[in-house]
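These notes concern the structure reproduced below.
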Amino acid sequence: MKGVFPNKVLARPVSAFIGVSLLLVVSFDYALPDTVDTLNLQLQWAYPIGIADMKLVDFNNDGINEILVGFKSDSSRVGILDAVSQTMVWQSPAFHGSIYTVAAGDRNNDGYIDIVCGGQRSDSAVGCIEVFDGPTFDSVYSASGFDKVVLSAGISNQFSDSVPQIFLGTHYDSTFTQPLRLFMEEYGKLYILDAQNLTIEVVNTYGTISEVLLRDINNDTYEELFVGMDYAITWEDYHGPDGTWIKCWINSSNSFDSCTYYLYNEFWPMESFVPAIINGLVWFDALEVGRFNNYTYSSIIGSSHVRCHYMTQDRAKLACWNASSTQLQWSKEWFDEGGHYATDLTVCNLYSYDTNTICVAYYNGLIEFISGSDASLLAVSPRQHTISRMKLGNVDNDNFVEICMMSGDSLYIYETSAITTGIAETEDFIFPENFFLFPNYPNPFNPETNIRFTIPIASEVILKIYNVLGEEVRGFQRHFDAGTHTFTWDGKSSFGEDVSSGVYLYQLSAGNYHETRKMVLIK
Numbered sequence: 005m006k007g008v009f010p011n012k013v014l015a016r017p018v019s020a021f022i023g024v025s026l027l028l029v030v031s032f033d034y035a036l037p038d039t040v041d042t043l044n045l046q047l048q049w050a051y052p053i054g055i056a057d058m059k060l061v062d063f064n065n066d067g068i069n070e071i072l073v074g075f076k077s078d079s080s081r082v083g084i085l086d087a088v089s090q091t092m093v094w095q096s097p098a099f100h101g102s103i104y105t106v107a108a109g110d111r112n113n114d115g116y117i118d119i120v121c122g123g124q125r126s127d128s129a130v131g132c133i134e135v136f137d138g139p140t141f142d143s144v145y146s147a148s149g150f151d152k153v154v155l156s157a158g159i160s161n162q163f164s165d166s167v168p169q170i171f172l173g174t175h176y177d178s179t180f181t182q183p184l185r186l187f188m189e190e191y192g193k194l195y196i197l198d199a200q201n202l203t204i205e206v207v208n209t210y211g212t213i214s215e216v217l218l219r220d221i222n223n224d225t226y227e228e229l230f231v232g233m234d235y236a237i238t239w240e241d242y243h244g245p246d247g248t249w250i251k252c253w254i255n256s257s258n259s260f261d262s263c264t265y266y267l268y269n270e271f272w273p274m275e276s277f278v279p280a281i282i283n284g285l286v287w288f289d290a291l292e293v294g295r296f297n298n299y300t301y302s303s304i305i306g307s308s309h310v311r312c313h314y315m316t317q318d319r320a321k322l323a324c325w326n327a328s329s330t331q332l333q334w335s336k337e338w339f340d341e342g343g344h345y346a347t348d349l350t351v352c353n354l355y356s357y358d359t360n361t362i363c364v365a366y367y368n369g370l371i372e373f374i375s376g377s378d379a380s381l382l383a384v385s386p387r388q389h390t391i392s393r394m395k396l397g398n399v400d401n402d403n404f405v406e407i408c409m410m411s412g413d414s415l416y417i418y419e420t421s422a423i424t425t426g427i428a429e430t431e432d433f434i435f436p437e438n439f440f441l442f443p444n445y446p447n448p449f450n451p452e453t454n455i456r457f458t459i460p461i462a463s464e465v466i467l468k469i470y471n472v473l474g475e476e477v478r479g480f481q482r483h484f485d486a487g488t489h490t491f492t493w494d495g496k497s498s499f500g501e502d503v504s505s506g507v508y509l510y511q512l513s514a515g516n517y518h519e520t521r522k523m524v525l526i527k
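If you read the sequence shown in the working numbering, its first letter stands for residue 5, the second for the next number, and so on.
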């Protein structure tokens, strides 16, 4: 869910849950166990501008993410924020409409990251996009005529053997907030564009597309397309399901084979006109794909909340599926009081825990870190302000991971020392063609340094650090998907002891690829 969409966040009348969930549900406990950590967030930078959407993108491949934003002003624009210099380093001409989504990727296979923004023209009801070519973003290409608002977008040059593609999800454009929804058609479409010449193919999904996500989950070098969508019944199909869905398309053979994952599949209790009159809204909120506990398969995490008119309470849900078997691994369901529904999900490494962690941001300002394997609560952060979007990544070159939040009319960047070590999965928009081990940065260093590597196919990766005597001081081995990954070495041995100043060698092995580089620790 994009938090700036009018019908999704700003209008929240008293409501309630109705229907029967088809998922197994575990209770959501608001009482914090004694073992749960409270993370103190330190404000690093605040940028006073209303933002519709954001992505963290390493535009110049230096290991530091810039912040790509679509922001709201007198004339909507797209911009790139540099948290190191705390300035906006580029902004587009006026969009002449409303921006709801931004995406980045190499749309023309020239090695540079390009930008796509989507939304709605101010002079019509149709959706539209604009494309800015990197690295200077001077050239602008436009496409319009989409039947609904463009609410979500993604770019992939590894979805199939054909040219790169742009994926757009549209949402009905309606300010309708009353419970009576007779004869309304509330669905969007999935548009697939040839990213080079912007020709359009339409896939009808009969749902409003809130999220578009591209991930390779089966290690075949092709990315799968995940969409999160709402589906609302109308007068004509009142007896059908009203809920939210996660749908996955696999396109390795250049033809669409679909496999559906259910997040919500609510059926109304009576097949009559009553559901159409008191029908509530069920919204898809956030979507993420990650790997936990060294599983060989990926997991799909989704969140949703439901609002029904004339009742008393809303409900919210968070669920996780095995991406290989599509089996439900766990789910949580709770009463949504005061905006306690998830607005974004991401996967990170939390200190003192060996497995990847799910970071869940809620609209009411709460951030939770939960185990990806069983949803147990590991840590929380104090409520700062409302959160409509959240991303994690290194944006200011201090070797710490920052939490970037959209809230109201400002962007906030916080930092916590809890997310520092281990493997940080980063969103890499250019699909790598070769194995490569980057020079570590900073170098010389004290006390930490980042070691980045790129693998073109899913591989078992071994990284070892040696002293000049050839003795191994630190090492790890793990399976990684194709892409660019970062290991932060904290200057400690495998036994947790600080190592001495000097020259060290780090060696990467993946398949038949072996590479060794030198680094210097100075204390």
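Just so it is clear, CB atoms sit at the ideal spot from N, CA and C, and this is done for glycine as well.
The alpha-carbon separation between V503 and L47 amounts to approximately 32 Å. Taking T420 as the centre and dropping the five residues before and after it, the same chain places the C-beta of L43 and L45 closer than 6 Å to its C-beta, in chain order.
Residues of the same chain with a CB within less than 6 Å of the CB of E464, apart from the 5 flanking positions on each side, are H483 in chain order. In the three-state reduction of the DSSP assignment, N326 falls in the strand class, which pools E and B. Annotation for T390: no beta strand (DSSP E) segment contains it, and DSSP assigns it neither H nor E.
Rounded to the nearest angstrom, the gap between the Cα atoms of K395 and V351 is 10 Å. Between the alpha carbons of Y470 and N65 lies a gap of roughly 27 Å.
For E70, the pairing in a beta bridge is given by DSSP as V61. Non-local C-beta neighbours of A50 in its own chain, meaning closer than 8 Å and more than five positions away in sequence, comprise S414, L415, Y416 and I417, ordered along the chain. The closest CA to that of K527, considering only Y517, P451 and P460, is found on P451. Shown here for I103: same chain residues with a beta carbon closer than 6 Å to its own, the five before and five after excluded, namely A56, G74, S80, C121 and G123 in chain order. The Cβ-Cβ distance between V364 and L322 falls below 8 Å. For S214, the three-state secondary structure derived from DSSP is strand.
D118 has its alpha-carbon roughly 27 Å from the corresponding atom of I391. The secondary-structure analysis by DSSP pairs H175 across a beta bridge with V153. With contact defined as three or more Cβ pairs closer than 8 Å, the stretch 360 to 380 and the stretch 319 to 339 are in contact.
Here the C-alpha atom of V286 lies approximately 38 Å from the C-alpha atom of I461. Beta-bridge partners of T91 (DSSP): D86. Beta bridge pairing from DSSP links I117 with no other residue. Beta-bridge annotation (DSSP): Q200 is not paired with any residue. Annotation for R478: the continuous beta strand (DSSP E) segment containing it runs E476 to F484. For S164, DSSP records no beta bridge to any residue. The C-alpha of Y345 lies about 44 Å from the C-alpha of Y510. Selection D151, Y226, V167 and Q162 evaluated against V207 yields D151 as nearest (Cα-Cα). For L202, same chain residues with a beta-carbon under 7 Å away, outside a window of 5 residues either side, are Y145 and A147 in chain order. Between the alpha carbons of L229 and V106 lies a gap of roughly 17 Å.
Closest in C-alpha terms to L473, from the list A422, Y508, V88 and I213, comes Y508. Per the DSSP secondary-structure output, N353 pairs in a beta bridge with N360. If you ignore the 5 residues before and after S143, its C-beta comes within less than 6 Å of the C-beta of D137, all in its own chain and listed in chain order. Selection L72, N112 and W334 evaluated against Q95 yields L72 as nearest (Cα-Cα). Relative to the Cα of Q388, the nearest Cα in the group V135, M409 and G109 belongs to M409.
V61 has its alpha-carbon roughly 27 Å from the corresponding atom of P386. Nearest to W338 by C-alpha distance, out of L349, L332, V310 and L441, is V310.
In this structure, the alpha-carbon of P448 lies about 41 Å from that of G412. If you compare the alpha carbons of G342, V293, N112 and L155 with that of V167, the shortest gap goes to N112. F449 sits in a strand when the DSSP states are folded into three classes.
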